[in-house]
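**Q** Take this structure, written in structure tokens, and hold onto it; I'll ask about it next.
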Amino acid sequence: MRVIRRLLATTAAVLTALVVTLVIPVGAASAAPPIDPAFPGSWAKWTFHAGGDYNQVLEIGGAGGAGTAAQLYGDNSGSNQVWFQEAAAEGGQFLHPGYNRWLCLGRSGNEWGARVEVQNCDGSSNQRWGIPRYAQQWFLIKPWNDTSVCIDVPGSNFSQGVDLNLWGCNQSSAQYWQTGRCYASGCDDQWPDVTDCDTAGADEVRDVSQDGDRVVLVYSAGCHAYFARLSHSSGSWSSVDLVFYRSHPRAGLTTRKFVVNGGEMRWSSLLGADSEGSWFEACYESPLNPADGRFCSGGATSN
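Throughout the sequence shown, residue numbering follows mature numbering (1 follows the signal peptide of the UniProt record, and there is no 0), covering -31 to -1, 1 to 272 in sequence.
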């Protein structure tokens, strides 16, 4: 009996050790905080995927404070991997990490090898950036006051945890950043979240509310496509339609319709903006009251 008890005790101790071994690392790797709700919807939202490995993105390790390095890390949709773009009055763009609008992506200087990190926002030139399009959904990130250098993955080492720096622009995969999985008409009828177009420079270009319902039209600069969102009042028992339009003088009218139940928020699929002059609009339409139960976001025209 003593032997059996000893065996049971030993087994329990081993199992406990295994559980502790398995659980502790998970708890230690604390998740990033939620997206800061103070960000305006009109600020474009980005996630920058490394040109040499789409699964690695530009992030701030551990959602750290001022002085924390920018690094590559596996894409997990954390707030420390999402960047909000704010236009700077002096020129260029500020990039704020999704978890804290009072931090800005900055650099220690413009020399080759300069450290890229988050800093307390102070409006300085070291925190202003240009985000020129390299090709379709690929972009470069350059200091606004020196376009000869780019944010770079040192040695093209696309390993998780590699710190980023500045280096002379050379148009390599270590310096261009993919922002979505499709472009223009190639995005037609695909979903914004599946293609990452919802974080490819996506900003709310039109936003209209009426009687507790809200229609938003969103442009994704990285994917060069539009999509829409409708939030339907929780006090309504009837479903309504989110109707998404694309119109062009030569290509004609494209219409997509999505049913939205009371208390739901629903996205449309994407429609590409490859034809210059294409016009986009999203509307709330009520099948039960087609004459009066309709309002729209207002239109936007593609360049």
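Glycine residues also receive a C-beta, built at the ideal position from the N, C-alpha and C atoms.
1. Output the distance between the C-alpha atoms of Ser46 and Gly137, rounded to the nearest integer angstrom.
2. Taking contact to mean 3 or more Cβ pairs, one atom from each stretch, closer than 8 Å, check whether the stretch 1 to 19 and the stretch 52 to 68 are in contact.
3. Sort out for me which residues DSSP pairs Pro256 with in a bridge.
4. Have a look at Phe249, Ala19 and Val185 and flag the residue whose alpha-carbon is nearest the alpha-carbon of Met234.
5. Determine which residues share a DSSP beta bridge with Ala104 and list them.
6. Look at the alpha carbon of Pro218 and the alpha carbon of Trp71, and state the distance between them as a whole number of angstroms.
7. Smallest Cα separation from Arg263: which of Gly31, Ala251 and Ala269?
8. Is Asn89 helix, strand or coil when you go by DSSP?
9. Quick one: what's Arg97 bridged to in DSSP?
10. With DSSP run on the structure shown, which of helix, strand or coil describes Asp134?
11. Which of helix, strand or coil does DSSP assign to Thr148?
12. Going by C-alpha distance, which of Gly92, Trp206, Tyr253 and Tyr23 is nearest Arg150?
13. Rounded to the nearest angstrom, how far is the Cβ of Glu245 from that of Val212, given a contact under 8 Å?
**A** Taking the coordinates as given:
1. C-alpha separation (whole angstroms): 29 Å.
2. yes
3. Answer is none; Pro256 lacks a bridge partner.
4. Val185
5. Trp107
6. Rounded to the nearest whole angstrom, the C-alpha separation of Pro218 and Trp71 is 44 Å.
7. For the residues Gly31, Ala251 and Ala269, the minimum Cα distance to Arg263 belongs to Ala251.
8. strand
9. Its beta-bridge partners do not exist; DSSP assigns none.
10. Correcting the residue identity first, residue 134 is Asn in this sequence and not Asp. Residue state, collapsed to three classes: strand.
11. The answer is coil: DSSP assigns Thr148 none of H, G, I, E or B.
12. Tyr23
13. Going by Cβ atoms, the distance from Glu245 to Val212 rounds to 24 Å, so no, they are not a contact pair.
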